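In the working numbering, the protein residues as written are 485 to 1014.
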């Protein structure tokens, strides 16, 4: 197997540094390494194995071994394998580990998050400012440590937030937010401008941090499933699916009934269509192009009504469960799905033609908000934003789940890196989603169950679930506790990867371009803030 070959390769690469190693869940390899060699080993893997850093998180394993464990997860996308290096640290804070952020730029935000949530410092971290915490949160309180109780009262503090300062003749700062005009979530954007062009943007988020990962601790896994559905409203299905996949993998469930697997594809693609229609409509709104915006909004409503007719929820809540689906939502509804998709296909293509034949609109989105390929690669930018900058990755192809391995579809890729490319990727993905749903309706068996009993969860087992949400690569790590509870639930949505990319894409553009560039990424505040 490919994963076994990678397992052997990394064992040889790290040699005597490996304290313990294992291959589990078919495609997950784990290597325990010393805290003193973390940086050396991570960079060794990063530079010698064709992989990207897709997650970096901590886990307070005090009840098990009185340690704090830090995990570095790399995806070998060409081989459908996740490689995790982990190190066990003394929980008294006496041991610090070296930062890898200067060599692996994507690591910076993860290290800052671990510092806030666990109090763990990284030597040589290029940016040690608070990420999750704000100026009213005590510096010595770390919510994801096991000794922090969810009902604990936290005293209010008043501290100034630290922002990067750009100085020079004619440089001005323009603060925007956190409260915005319109019904959107809060985020503070601090622009540095020289005349009209933006020369730096810093985003401060986490104004809607709900502590979802902490709330899932010690909860029954079915209750945690409800939390997963509420991470981000417009990615309800793909978040719950990633959680379900992690539970299934760690409990040794290798088979999901065909009708369930195909049904999961239908719902995931309906969610993708709905998300992309909203995004493209938003771009039209921000360029005052009202007619196609209204058309796209109407089509999005068609999908929401179909979702509600099939499942009782416009956002596909209460559809998934570990082991499959809650019931057979597709049975006897194949005709209405096909009618809706065919109607959408015709209307969408006509509307896209209207959009692309308007020279003023195209002039507005071309060469605006360019995200260079090198930056996209360094930051592990995922989903349509990454594909528009030449990063051709898609979990449905590289880590196939549900029934995607049985279907034929293309992954759009563009290289101009601008708003127009991000829009075109989403346009092409809508068309591919229509194609996928039609294939599923033709291939799905007419009879059969839609779930299997997963039994009781194995205590202190762990695994990853991965999905391709409308915004991109979505990774959920689950570790079980005793009596079917959750010990650690780590969520890394695509928005976490892509928010820093937005700050790069606006440089050299003007302030009036920002709403358009922001909409082309359409990142989730709640999906980032958890």
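All residues carry an ideal CB built from backbone N, CA and C; glycine is no exception.
Treat the numbers as computed from the prediction; the structure is a model and nothing was measured.
Original post:
Mapping DSSP to helix, strand and coil, what is residue 688?
Top reply: The three-state reading of DSSP puts residue 688 in strand, counting E and B together.
Subject >> Burial state of residue 608 (16 or more Cβ within 10 Å) >> reply: Exposed, because fewer than 16 other Cβ atoms sit within 10 Å of the Cβ of residue 608.
**OP:** Can you grab the Cα-Cα spacing for the pair residue 797 / residue 651, in whole Å?
**Re:** Rounded to the nearest angstrom, the two C-alpha atoms are 51 angstroms apart.
Original post:
Are residue 859 and residue 687 touching if we call contact CB-CB under 9 angstroms?
Top reply: no
**OP:** Give every residue of the same chain whose Cβ lies closer than 7 angstroms to the Cβ of residue 663, excluding the five residues on either side of it in the sequence, and list them in chain order.
**Re:** Its chain contains 670 as the residues whose beta carbon lies nearer than 7 angstroms to that of residue 663, once the 5 sequence neighbours on both sides are disregarded; these appear in chain order.
Subject >> Buried or exposed by the 16-neighbour rule on C-beta atoms within 10 Å, applied to residue 479 >> reply: Lying outside 485 to 1014, the shown extent of the chain, residue 479 is not represented and no answer is given.
Subject >> Which listed residue (526, 613 and 885) has its alpha carbon closest to that of residue 558 >> reply: Answer by Cα proximity: 526.
Subject >> Within 9 angstroms, strictly: CB atoms of residue 808 and residue 750 >> reply: no
**OP:** Would you kindly work out how many angstroms separate the C-alpha atoms of residue 729 and residue 948, rounded to a whole number?
**Re:** 7 angstroms
**OP:** Check whether the region 915-933 touches the region 819-837, counting contact only when three or more Cβ pairs, one atom from each stretch, lie closer than 8 angstroms.
**Re:** yes
Original post:
Does the beta-carbon distance from residue 570 to residue 490 come in below 9 angstroms?
Top reply: no
Original post:
Nearest to residue 603 by CA position, among 588, 623 and 610, is which residue?
Top reply: 623
Subject >> C-beta contact flag for residue 1051 and residue 619 at 9 angstroms >> reply: There is simply no residue 1051 to check, as the chain begins at 485 and stops at 1014 in what is shown.
**OP:** Evaluate residue 668 with the Cβ neighbour count: other Cβ atoms within 10 Å of its Cβ, from every protein chain shown; 16 or more gives buried, anything less gives exposed.
**Re:** exposed
Original post:
If you run the structure through DSSP and keep just helix, strand and coil, what is residue 524?
Top reply: helix
Subject >> Extent of the continuous beta strand (DSSP E) to which residue 960 belongs >> reply: 956-964
Subject >> Selection from 897, 911 and 562 that minimises the alpha carbon distance to residue 763 >> reply: Each of 897, 911 and 562 was checked against the Cα of residue 763, and the nearest Cα belongs to 911.
Original post:
The beta strand (DSSP E) with residue 559 in it runs from where to where?
Top reply: 551-560
Subject >> Cβ-Cβ separation, residue 702 to residue 648 (assumed contact under 8 angstroms), whole Å >> reply: Not a contact, Cβ separation roughly 39 angstroms.
Original post:
Do residue 742 and residue 928 have their CB atoms nearer than 9 angstroms?
Top reply: yes
Original post:
Which two residues bound the contiguous alpha helix (DSSP H) that contains residue 927?
Top reply: Its alpha helix (DSSP H) spans residues 903-927.
Original post:
Apart from the five residues on each side of it in sequence, which residues of its chain come closer than 7 angstroms, Cβ to Cβ, to residue 548?
Top reply: Counting only Cβ-Cβ distances below 7 angstroms, and skipping sequence neighbours, we find 944.
Subject >> Sufficient close CB pairs (3 or more, under 8 angstroms) joining the region 534-544 to the region 587-601 >> reply: Yes, the region 534-544 touches the region 587-601.
Original post:
Straight-line CA distance for residue 674 to residue 989?
Top reply: 14 angstroms
Original post:
On the three-state DSSP scale, how would you describe residue 739?
Top reply: coil
**OP:** Find out if the Cβ-Cβ distance for the pair residue 870, residue 982 is shorter than 9 angstroms.
**Re:** Going by C-beta atoms, residue 870 is nearer than 9 angstroms to residue 982.
Original post:
Which word fits residue 567, buried or exposed, when buried means at least 16 other C-beta atoms lie within 10 angstroms of its C-beta?
Top reply: So residue 567 ends up on the buried side.
Subject >> C-alpha gap between residue 925 and residue 890, whole angstroms >> reply: 13 angstroms
Original post:
Nearest CA to the CA of residue 822: which residue from 857, 680, 921 and 886?
Top reply: 921
Subject >> In DSSP terms, what residue 568 is bridged to >> reply: 514 and 557
**OP:** Name, in chain order, the residues that DSSP records as bridge partners for residue 676.
**Re:** 657 and 684
**OP:** On a CA-only basis, which of 505, 572, 655 and 522 is nearest residue 515? Give me that one, please.
**Re:** 505
Original post:
What is the DSSP secondary structure of residue 721, counted as helix, strand or coil?
Top reply: Helix.
**OP:** Please confirm if the region 846-853 is in contact with the region 864-882, defined as three or more CB-CB distances below 8 angstroms between the two stretches.
**Re:** no
Subject >> Delimiting residues of the alpha helix (DSSP H) encompassing residue 821 >> reply: 818-840
Original post:
Where does residue 947 fall in DSSP's three states?
Top reply: It is a strand residue.
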